[in-house]
Amino acid sequence: GTLRPGLGADCEAVVRRALHPDPGQRYVHARQMIQDCRSVLDGRSPDHALGRKARRRTLIGSLFSREG
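At position 21 of the sequence shown (counting the first as 1) the number is 6 in our numbering, and the numbers step up by one without a gap.
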């Protein structure tokens, strides 16, 4: 579901991570959330909100897209 229509997917990922019901899935440090917010404002995907597996897929995808 969408938190708010028009709220980008990356921004929504940051909000969902910050409000996650499981405290173990939330941001550990405020600086992680700040970094993710800055990434979203700069048009990049939020590293901490995506999680390790999603970051790896994003990195691999960006490596292959640069070769062409």
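All residues carry an ideal CB built from backbone N, CA and C; glycine is no exception.
*Output the distance between the C-alpha atoms of D32 and V25, rounded to the nearest integer angstrom.*
Start at 1 with the first residue of the sequence shown, and residue 32 comes out as number 47. Start at 1 with the first residue of the sequence shown, and residue 25 comes out as number 40. Roughly 10 Å between the two C-alpha positions.
_R2 burial status per 10 Å Cβ neighbour count (16 or more: buried)_ = Within the sequence shown, the letter at position 17 stands for residue 2. Its Cβ being crowded by 16 or more others within 10 Å, R2 is buried.
*Own chain, CB closer than 7 Å to Y54, minus 5 neighbours either side, in chain order*: No information on residue 54 is available, as it lies outside the stretch -14 to 53 that the chain covers here.
*With DSSP as the reference, label G9 as helix, strand or coil.*
Locating residue 9 in the sequence shown gives position 24, where the first residue counts as 1. In the structure shown, G9 sits in a helix (DSSP, three-state: H, G or I).
*Taking only the alpha-carbon atoms, compute the straight-line gap between V0 and G28 and give it to the nearest angstrom.*
Walking along the sequence shown from the start, residue 0 turns up at place 15. Walking along the sequence shown from the start, residue 28 turns up at place 43. So the alpha carbons of these two residues sit roughly 16 Å apart.
*Assumed close pair D(-5), S30 - CB separation to whole angstroms, cut-off 8 Å*: The residue you call residue -5 lines up with position 10 of the sequence shown. The residue you call residue 30 lines up with position 45 of the sequence shown. About 6 Å separates the Cβ atoms of D(-5) and S30, confirming a contact at the 8 Å cut-off.
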